[in-house]
Amino acid sequence: MANRFREAKTELEIILGHNFVNEDILREALWAAGPGSVGHRLFPEGNKRLALVGDAALKIALVHHSYTKGRSRGEADQTTQSALCNTKLNSVGRANDLGQYIVLHNINSTVTKNVMATTMEALFGAVFEDSGMDLEAVRRGMVGFGLLELWEPSSSVGDK
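Anchor point for the sequence shown: position 101 equals 101 in full-length UniProt numbering, and the numbering is continuous, going up by one each time.
Printed below as a string of structure tokens:
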């Protein structure tokens, strides 16, 4: 299990463009719904609470990116809905073979669409928390996973 986590950590750090300082938060992100713990850190709902943070971080990063590009509110809404829906997050997670690293609680369980999407959100929550709430770190991860296809460092609207 420790070797599998090391492999996951190495691969995910490359994709996300973020080196985790707190490995436990990454472990939490990979822990599918259900009670768990690492050391003294308890997560009674698995990765679901962290997924809420990730969902919000993904949305604000994408909306802010749209704002800096001068896109309309409608374009920002449409992009956010299509890029961050469970179907898209599931397909991106599967394309990156993330399922092999998700800790399931039942030996007969499979990684469902919702489990994969929640884990993707939790990964971005982990990046957001571990980076000190750095939206640029979230954006780098979005680029790595292909959720934000054309990324440029943030600039104000007036810098265009």
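Positions of the beta carbon are idealized from the N, C-alpha and C atoms, including for glycine.
Candidates the options, of which the one nearest residue i by Cα
| i | options | result |
| --- | --- | --- |
| Met120 | Met142, Ala61, Thr10, Thr68 | Met142 |
| Val21 | Trp31, Ser131, Asn90, Glu75 | Ser131 |
| Asp97 | Met116, Gln81, Ser109, Arg139 | Met116 |
| Gln81 | Thr10, Ala95, Leu147 | Leu147 |
| Thr112 | Arg94, Thr10, Tyr67, Val127 | Arg94 |
| Ile102 | Glu23, Asp24, Trp31 | Trp31 |
Distance CB(residue i)-CB(residue j) smaller than 9 angstroms
| i | j | result |
| --- | --- | --- |
| Gln100 | Arg6 | no |
| Asn114 | Asn90 | yes |
| Ala8 | Leu26 | yes |
| Arg139 | His65 | yes |
For residue j and residue i, believed in contact at Cβ under 8 angstroms, the rounded distance
| i | j | result |
| --- | --- | --- |
| residue 208 | Thr79 | One cannot answer for residue 208 here, as it falls past the ends of the chain, which runs 1 to 160. |
Chain-order list of residues whose beta-carbon lies under 8 angstroms from that of residue i (same chain, five-residue window excluded)
| i | result |
| --- | --- |
| Pro153 | Annotation note: pLDDT 40 at Pro153 (below 50); position unreliable, coordinate value reported separately. Counting only Cβ-Cβ distances below 8 angstroms, and skipping sequence neighbours, we find Glu136. |
Residues of its chain near residue i, where Cβ-Cβ distance is below 6 angstroms and the 5 sequence neighbours each way are ignored
| i | result |
| --- | --- |
| Ala122 | Ala29, Asn47, Leu50, Ala51, Gly54 |
| Glu13 | Asn19 |
| Glu11 | none |
Contact the region 116-136 vs the region 51-62: 3+ CB pairs below 8 angstroms: yes
When the Cβ atoms of the region 14-24 are set against those of the region 83-95, are three or more pairs found closer than 8 angstroms? no
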